[in-house]
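Everything in the sequence shown is counted per the working numbering, starting at 202 for the first residue and increasing by one.
Scroll down for the structure; my scribbles are underneath it.
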Amino acid sequence: MAYASKKEEESGLSSYYNNKTTIIQEARVFNDSPISPRKCRALLTRIVYLLYIGETLGAQEATTLFFGTTKLFQHKDSALRQMVYLAIKELATTAEDVIMVTSSIMKDMQPNSEVIYRPNAIRALCRIIDPSMAQGVERFFKAAIVDRTPSISSAALVSSYHLFPHAKDVVKRWVNEAQEAVNAKSTASFFSGSSGGYLNFGSGGGQASGYQPIPSTSYITQYHALGLLYLIRQQDRMAVTKMIQQLGGGKSGAGTTLKNSMALCMLIRYAAKVIEEDPNMQRQILDLLDGWLRHKSDMVNFEAARAICEMKNVTAAQLTKPIAVLQLFLSSPKSVLKFAATRTLASLALTHPTAVASCNVDMENLIADPNRSVATYAITTLLKTGNEASVDRLMKQITGFMSEISDEFKVIIVDAIRSLCLKFPAKHVSMLAFLSGVLRDEGGYDFKRAVVEAIFDMIKFIGDCKEQALSHLCEFIEDCEFTKLSVRILHLLGMEGPKAPQPTKYIRFIYNRVVLENATVRAAAVSSLAKFGVNAVDAGLRRSVGVLLNRCLDDVDDEVRDRAALYLGTFKETSLADAYVKEESVFSLAALESKLVSYVNDPDASEKPFDATSIPKISRAQLAAESNRPSTLDTISAPTARKTSASPPPPTAAETQSAYAQQLAEVPEMASYGPVFNSSAKPVQLTETETEYQVNCVKHVFKEHIVFQFNVSNTLPDTVLEQVAVVMQPQTESGLTEDFIIQVDSVTASTSPGIAYASFTRENPEEYVTASFQCILKFISKELDPSTGEPEEEGYEDEYQLEEVELSAGGDYIVPSYASFSSEWDRLRSGATATETFSLGAMESIKAACDSIIEVLNMEPLGGTETPTSTSVHTLQLSGLVTGGGGKVLVRCRMTFSKGQGVTLELGVRAEKESTCALVLTTVGG
């Protein structure tokens, strides 16, 4: 007898199960008399497999199969009935009129029906009923949830979980039953297996009498019941906290209601979420987590340890117990425990390397572990926690098993070495040798990109290795198969190569790319060559580069030819070279878009040209970072919304400006104000975070108006605030005249925040007004009727004193804008200039002075000058734009520091207008 090969068997299986037309034709076996259970089971298996692999059925096809399947409901074969339920669950989402089989399914849900059918009937009913019918089957679900048979109870709980999004009000009424399922101290018998949990010792017939129960102590129902309870209560933080404390079992963790390990793990995750949302609960929850560290289940021990390790602002003392638990796992014979412990410790080592260092001896024993995943995390942790003396030894050990692990773990090791390079720059020779070695090994794009990024960081932060690292990258692009990496490296060579002592040695590698590579890489190589020519001090080098670019004019790709022609033109015109090659600043695209939208919507736009000088600029590095991040314009509103780890990244300043401009354009009272010159980058908090009413302020500067936007949040769920307004009173003569106040009709806890406005007219639009305002929140407070949710008719007027609002120069009139400082500083030599000396006696260091000046002026620090390299002398360079036509302004801050006298500051300002210089000096002096 000849056996088919594995490949033939797989292709035969695939053709047998994947042929949709054949399956639909064979569905007539459902109509045979008598029905053949074996044929029907086989066909149902093929239908489910077809849907599982992603095959789509038309509505008519699914309906035909669905109602053909339902004809098998009355058959006595238990295995066939199981397959019927499985098939109708999968077909119910596509087929039409599925609700017609509700009565047939309901028969199997009755308490007197066979136990093996009830769980499947419950799961199927959840899929086919309309949400409006949920109330009609409520009594069946309630009874099933508290059933003593775990398979039935679990099926009802899981089905309720899936039904919740569609019938919340009905499922919420089942909370008592779910609580009873959680608190069940004992269960009758747990029935495992697809046939409701029985083992069949008979040979046919499928009767329930041929099955025997399997006792179990898994308490799996608690896991499902806890999930449903949390789903119902998740919007009520106090109820969730109370549930955790009740089920936690106290500080010792003993005597807890929950017996199922998975349920306890899920409870721990809920507890960790409570800590993240409410730091005030950290102490109480931490006591519970400490108790779970001593639980008899390894799964629970690990989950509790991981929850503590991942807490924000966790202290070294709090980490002692969980690290001790994880250290025990490191010596466990179970690979899964060793892997979980090493991975958790590797993450913790990023923030608490000293605390993790106590496990280094155990980690070193795992470097030779046969499970290379465990070894990878162990050596990664050692790299993060080791000292400078151990670097060389660790590098030798890493080299030995790099070829034995997957790309995913190679990336983890490379990232650890990347951080180690910056931690111990003196060891850059061995680390660079290792990175250049693995760069020549086989690997995918993600792995090679991680290595290249690590070398990029070494070039940026470790000056001694720059020339050697560039040479390694030049060798790599000779054989690089990834276009993106080649382009990035060529760009870096164009930036760093002209500054090298011998720039000519890189040109050969770059020009080889023009000859040998695809069009994308050739275009990048042309741009890189041009930078050597533009930045060349030697005229002979410029001529040589010009010869190479002339050869590129005959390239078959138009992009390459156009770039070569452009750059040859820049060699003849210095202004073109400065604009297209040397210039590192570009317009902020979000700000440009916002200004263009305002310009197009302005009815007077046709009478004046578009003013691009008012648009802030950013560096090309900032542009690349913005291009790689998702837009978050829709996240700007709530003043106190807590950002979680899954939250989108915070919006950029330009995105914030654009969102505010769109929001203000929808207010009719401000329709005639024109475009917004500037909006506050960050809202100013006017109340404490623990208060009942929370208010923050955003300031908007128009040509002739100042608008204050107040975001008002109400944290009291049983109270509504009506006719909410903020009254502002300037402390001194401000040069502002109040126009109007726009109040909020109603603010509840669910509709927070409400937005109120106060508008003022600038008496002299050419002046930059600075002032301080007293603010009072006024409102009518009403209680909510708990039965109807409607506010009571009678309320009382109340007011709340807010913090003062400052209208200042830095945050309200100056916008950060990137620039090439040296060239712009020289260009503004003929403009307005001013120099003044200040004594900053309260400053404890130059770094503190830099941070304070940047915050006060709200300007862009340039060239990394925000981070002083000396503790005694430093020069801070700042750039910005002044709104309302104030033009560019540059600030040079020369600082010296001496103990006892603080910081002495020489402030040099160059701007396009005299008023701008005066504004900066007044801001710093004030």
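Cβ coordinates follow ideal geometry from the N, Cα and C atoms, glycine included.
Query: Top-ranked residue by Cα proximity to S880, from V899, T350 and V285; Result: V899
Query: Coil, strand or helix - H367 by DSSP; Result: coil
Query: Where H553 sits in the DSSP three-state scheme; Result: coil
Query: Under 7 angstroms between C-beta atoms of L358 and L429; Result: yes
Query: For G996, the three-state DSSP class (helix, strand or coil); Result: coil
Query: Per DSSP, the bridge partner or partners of H1075; Result: M1096
Query: C-alpha distance - I656 paired with S536, whole-angstrom precision; Result: 33 angstroms
Query: Where D946 falls: helix, strand or coil (DSSP); Result: strand
Query: Pairwise C-alpha distance: A263 and N481; Result: 54 angstroms
Query: Start-to-end residues for the beta strand (DSSP E) that takes in F980; Result: A972 to E984
Query: Backbone secondary structure at K900 - three-state DSSP; Result: strand
Query: Contact set for Y712: own chain, Cβ-Cβ below 8 angstroms, skip 5 residues either direction; Result: A726, L730 and L749
Query: Boundaries (first-last residue) of the alpha helix (DSSP H) holding V441; Result: R438 to G449
Query: Where the alpha helix (DSSP H) containing P523 begins and where it ends; Result: A517 to L531
Query: Close Cβ partners of S591 (< 8 angstroms) along its chain, the five nearest in sequence each way excluded; Result: L583
Query: Alpha carbon of R764 to alpha carbon of S745, nearest angstrom; Result: 17 angstroms
Query: Beta-carbon contacts of T1117 that lie in its chain and below 6 angstroms, excluding the five residues immediately before and after; Result: V1083, G1087 and V1090
Query: Where the alpha helix (DSSP H) containing H629 begins and where it ends; Result: H629 to L640
Query: Alpha-carbon spacing of V877 relative to Q910, whole angstroms; Result: 13 angstroms
Query: Residue from K522, T1068, S1073 and M1060 whose Cα sits closest to the Cα of G1081; Result: M1060
Query: Same chain, Cβ closer than 6 angstroms to T422, neighbours up to 5 away in sequence not counted; Result: P351, S354, S355 and A382
Query: Among K649, L717 and K290, nearest to R324 - alpha-carbon criterion; Result: K290
Query: Reference A464; option with closest CA among H425, F1098, R495 and I599; Result: H425
Query: Boundaries of the alpha helix (DSSP H) in which H425 is found, first to last residue; Result: I421 to R434
Query: Inter-stretch contact (C-beta, 8 angstroms, three-pair minimum) for the segment 917 to 930 and the segment 901 to 908; Result: no
Query: Same chain, Cβ closer than 7 angstroms to V1016, neighbours up to 5 away in sequence not counted; Result: P817, N879, G1081, L1082 and T1084
Query: Option nearest G770 by Cα separation, candidates G734, F1022 and S795; Result: G734
Query: Nearest-angstrom beta carbon gap, A862 and S799 [assumed within contact, 8 angstroms]; Result: 6 angstroms
Query: Cα-Cα separation, A724 to S786; Result: 21 angstroms
Query: Nearest neighbour of E939, chosen from S960, N313 and S951 [CA to CA]; Result: S960
Query: Local Cβ density within 10 Å of L621, reported as buried at 16 or more and exposed below that; Result: buried
Query: Residues bridged to M929 [DSSP beta-bridge criterion]; Result: C976
Query: Pairwise C-alpha distance: V441 and V945; Result: 32 angstroms
Query: Whole-angstrom distance between E697 and I614, CA atom to CA atom; Result: 27 angstroms
Query: Inter-residue spacing [alpha-carbon to alpha-carbon] between D348 and F602; Result: 55 angstroms
Query: Spatial distance of G936 from T920 (CA atoms); Result: 39 angstroms
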